[in-house]
Amino acid sequence: MSSTNYAGFWLRFVAYVIDYIIIYVVQSFLILPILGVMGITVATQAQNMDAMSEAEIFAMVGAFIAAMGTVILISTALSVLYYSLMEASKYQATLGKLALGLKVTDTNGNKIDFVKALIRNLGKILSAFILMIGYIMAGFTDKKQALHDIIASTLVVKK
Numbered sequence: 003m004s005s006t007n008y009a010g011f012w013l014r015f016v017a018y019v020i021d022y023i024i025i026y027v028v029q030s031f032l033i034l035p036i037l038g039v040m041g042i043t044v045a046t047q048a049q050n051m052d053a054m055s056e057a058e059i060f061a062m063v064g065a066f067i068a069a070m071g072t073v074i075l076i077s078t079a080l081s082v083l084y085y086s087l088m089e090a091s092k093y094q095a096t097l098g099k100l101a102l103g104l105k106v107t108d109t110n111g112n113k114i115d116f117v118k119a120l121i122r123n124l125g126k127i128l129s130a131f132i133l134m135i136g137y138i139m140a141g142f143t144d145k146k147q148a149l150h151d152i153i154a155s156t157l158v159v160k161k
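Just so we're on the same page, our numbering is the position in the sequence shown counted from 1, plus 2.
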């Protein structure tokens, strides 16, 4: 595999930006209505805060926090599914990676299945959680692997 042309950090970053824009647009159609309803509900309840007991205010804040948690969960699930389904597809790439001529393979250069793609994309949560160091690793490892690639035994290569 010495002739493998690994995709470096900056190519992967640009692909991520393209994918982020696509995901953001799709999520906007799904999540903005939820946020709108939440905003109207909170605004309506906030007008009556003077008449609310402390317990009712805490309940309102708790409901708002739970709704925001739900939005974050939906957003994360949509992203993980998009990346996993696309990378496990016959294209082996998201739309951003396709635009840049990249694909995701296993360490032997083969197509990955959905489970491996799912592990890889759930690993991105860890890569991000540790101050993005997991992503930055792609700029410093021999095979240009980020932490989530190492976890899932995958590579991002140029076609």
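Just so it is clear, CB atoms sit at the ideal spot from N, CA and C, and this is done for glycine as well.
Owing to the predicted nature of the structure, the values given are computational and were not obtained by experimental measurement.
Beta carbon of residue i nearer than 9 Å to that of residue j
i, j, result
"Val82", "Lys113", "no"
"Ile8", "Leu102", "Note on residue identity: the sequence assigns Tyr, not Ile, to residue 8. No."
"Met70", "Gln47", "no"
"Leu13", "Leu97", "no"
"Ala154", "Phe116", "no"
"Gln29", "Ile76", "yes"
Strand pairing of residue i, partner residues [DSSP]
i, result
"Asp115", "DSSP, once it has assigned bridges, lists no residue as partnering Asp115."
"Val106", "Val158"
Where the alpha helix (DSSP H) containing residue i begins and where it ends
i, result
"Asp52", "Premise fails: Asp52 is in no alpha helix (DSSP H) and is neither H nor E."
"Asp21", "11-48"
"Gly136", "135-138"
Span of the beta strand (DSSP E), counted from its first residue to its last, around residue i
i, result
"Thr6", "Here Thr6 belongs to no beta strand (DSSP E), and DSSP marks it neither H nor E."
DSSP state of residue i mapped onto helix, strand, coil
i, result
"Lys160", "strand"
"Thr96", "coil"
"Ala130", "helix"
"Thr143", "coil"
"Ala61", "helix"
Supposed contact pair residue j and residue i - C-beta distance, whole angstroms, cut 8 Å
i, j, result
"Thr6", "Gly111", "7 Å"
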